[in-house]
Amino acid sequence: MKKMSVVLALVAVVAMLALLAGTTLSANNQAEEMMVEVSITNLTGGQVMSPVFVARHGSGADSLYSLGKSASGDLAKMAEDADASGLLGAWDPQNNEHVSEAMVANLNGGPIPPGETVTMNFEIDDGNSMISFASMLVSTNDAFIGSNHLDVSKSRTIMLNAYDSGTEVNSEDCAYIPGPPCGNHRHDPAEAEGFVYVHPGIHGGEGSDLDAAARDWRNPVARLSIKTWKVSR
Ligand SMILES: [Ca+2]
Numbered sequence: 059m060k061k062m063s064v065v066l067a068l069v070a071v072v073a074m075l076a077l078l079a080g081t082t083l084s085a086n087n088q089a090e091e092m093m094v095e096v097s098i099t100n101l102t103g104g105q106v107m108s109p110v111f112v113a114r115h116g117s118g119a120d121s122l123y124s125l126g127k128s129a130s131g132d133l134a135k136m137a138e139d140a141d142a143s144g145l146l147g148a149w150d151p152q153n154n155e156h157v158s159e160a161m162v163a164n165l166n167g168g169p170i171p172p173g174e175t176v177t178m179n180f181e182i183d184d185g186n187s188m189i190s191f192a193s194m195l196v197s198t199n200d201a202f203i204g205s206n207h208l209d210v211s212k213s214r215t216i217m218l219n220a221y222d223s224g225t226e227v228n229s230e231d232c233a234y235i236p237g238p239p240c241g242n243h244r245h246d247p248a249e250a251e252g253f254v255y256v257h258p259g260i261h262g263g264e265g266s267d268l269d270a271a272a273r274d275w276r277n278p279v280a281r282l283s284i285k286t287w288k289v290s291r
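Written out as structure tokens, the structure is:
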């Protein structure tokens, strides 16, 4: 009889652990889901930020970029032309076992002007509580903000610097800049920096089509806020 009780207790423990793997239980035995709101605020005075490529994933996912290393062609498209199509393909959950969802977050259907905030919401669990994202500063050759493998399971605020994808020389030539006052999506084949690094800003002056007083910045350029809460199901 005593042996049977031990077996039943073990079965109960195993069942409880299986349940906890997917959800948590509140005091009144209702299942709880972890909800996350991620907000990105443009803190520059004169750089519009493009709609944000965002992937939610687990720890086994690739890095979107690596500081000091060459950028992928997909990230280059995002950083040079605000084109997320390559990243959406590479991070499609259908083709990538480590990715739960991939999207482009926009503000009222468009980019994020200075001083404005774009917000996105996720439902997460232990296996996919990270996000990686990228957004272009559109009045540049190839400046972007981003983050890799950012754990969004805890509420906090992070300040973001602007990076250079290293895939286009910083000519400040309107022929190769998509944002205002330019509006062109050509790629400059001239020799680029070759690696992802902290962007040196807009210099203006002779030969530049950009007014540094209007388009330059000092880091940080954006604020990312993570807010988490639980809901009962
Ligand atoms: Ca560059």
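First residue of the sequence shown? That's 59 in my numbering, and the numbers climb one at a time after it. Glycine included, every Cβ here is placed at the ideal spot set by N, Cα and C. Bear in mind that the values here come from a model prediction, so they are computed numbers and not experimental data.
Worksheet item: Can you pull every residue whose C-beta falls closer than 7 angstroms to some heavy atom of ligand 1, listed in chain order?
Response: N199, D200, D222, S223, G224, T225, E226, V227, N228, A250, E251
Item to complete: Write down the C-beta distance between G204 and Y255 rounded to the nearest angstrom, noting that I regard them as a contact closer than 8 angstroms.
Response: The sequence position of residue 204 within the sequence shown is 146, counting from 1. The sequence position of residue 255 within the sequence shown is 197, counting from 1. In this structure G204 is not in contact with Y255, their Cβ atoms being roughly 13 angstroms apart against a cut-off of 8 angstroms.
Discussion item. Bridge partners for A160 per DSSP, in chain order?
Written reply: Here residue 160 is taken as the residue at index 102 of the sequence shown, counted from 1. A160 is bridged to A113.
Worksheet item: Just reading off the alpha helix (DSSP H) that K31 is part of, what are its end residues?
Response: Summary: the structure shown does not reach residue 31, with the chain confined to residues 59 through 291, and so no result is reported for it.
Discussion item. Quick check: what's the CA-CA separation for Y234 versus M107?
Written reply: For the purposes of this step, residue 234 is taken as residue 176 along the sequence shown, with counting starting at 1. For the purposes of this step, residue 107 is taken as residue 49 along the sequence shown, with counting starting at 1. Y234 and M107: Cα-Cα distance of roughly 17 angstroms.
Worksheet item: The beta strand (DSSP E) with S193 in it runs from where to where?
Response: Locating residue 193 in the sequence shown gives position 135, where the first residue counts as 1. First-last of the beta strand (DSSP E) with S193: 188-195.
Worksheet entry | L125 (DSSP reduced to helix, strand or coil) | Here the question's residue 125 lines up with position 67 in the sequence shown. In the structure shown, L125 sits in a strand (DSSP, three-state: E or B).
Worksheet item: Where DSSP assigns a beta bridge to N179, which residues make up the other side?
Response: Translated into the one-based positions of the sequence shown, residue 179 becomes position 121. In DSSP, N179 forms a bridge with E95.
Discussion item. Taking 8 angstroms as the cut-off, does the segment 111-122 touch the segment 153-165 (at least 3 CB pairs, one atom from each stretch)?
Written reply: yes
Worksheet item: CB L282 to CB V94, shorter than 8 angstroms?
Response: The residue you call residue 282 lines up with position 224 of the sequence shown. The residue you call residue 94 lines up with position 36 of the sequence shown. No, Cβ-Cβ distance for L282 and V94 is not below 8 angstroms.
Discussion item. Once DSSP output is grouped into helix, strand and coil, what is the label at L268?
Written reply: Residue numbering aside, residue 268 sits at position 210 when the sequence shown is read from its first letter. Here L268 sits in coil by DSSP.
Worksheet entry | Alpha carbon of E264 to alpha carbon of N166, nearest angstrom | Indexing the sequence shown from 1 puts residue 264 at position 206. Indexing the sequence shown from 1 puts residue 166 at position 108. Going by the C-alpha atoms only, they are around 37 angstroms apart.
Item to complete: Write down the C-beta distance between L208 and Q105 rounded to the nearest angstrom, noting that I regard them as a contact closer than 8 angstroms.
Response: Translated into the one-based positions of the sequence shown, residue 208 becomes position 150. Translated into the one-based positions of the sequence shown, residue 105 becomes position 47. Between Q105 and L208 the Cβ distance is about 22 angstroms, and since that is not below 8 angstroms, they are no contact.
Practice prompt. Going by CA-CA distance only, name the one from T215, S213, A248, Y221 that's closest to V227.
Written response: Within the sequence shown, the letter at position 169 stands for residue 227. Cα-wise, what sits closest to V227 is A248.
Practice prompt. Alpha carbon to alpha carbon, how far is M178 from A129? Give it in angstroms, no decimals.
Written response: On the sequence shown, position 71 is the one that residue 129 refers to. On the sequence shown, position 120 is the one that residue 178 refers to. Taking the straight line from one Cα to the other gives about 26 angstroms.
Worksheet item: Nearest to I182 by alpha carbon, out of P239, E90, G168?
Response: Residue mapping note: residue 182 aligns to position 124 of the sequence shown, counting from 1. With distances taken between Cα atoms, I182 lies closest to E90.
Worksheet item: Based on the DSSP secondary-structure assignment, which residues constitute the bridge partners of G204?
Response: Start at 1 with the first residue of the sequence shown, and residue 204 comes out as number 146. A192.
Item to complete: Would you mind giving the Cβ-Cβ distance between C240 and D267, rounded to the nearest angstrom? I have them listed as a contact below 8 angstroms.
Response: For this step, residue 240 is matched to residue 182 along the sequence shown. For this step, residue 267 is matched to residue 209 along the sequence shown. Yes, C240 and D267 are in contact; Cβ-Cβ is about 6 angstroms, under 8 angstroms.
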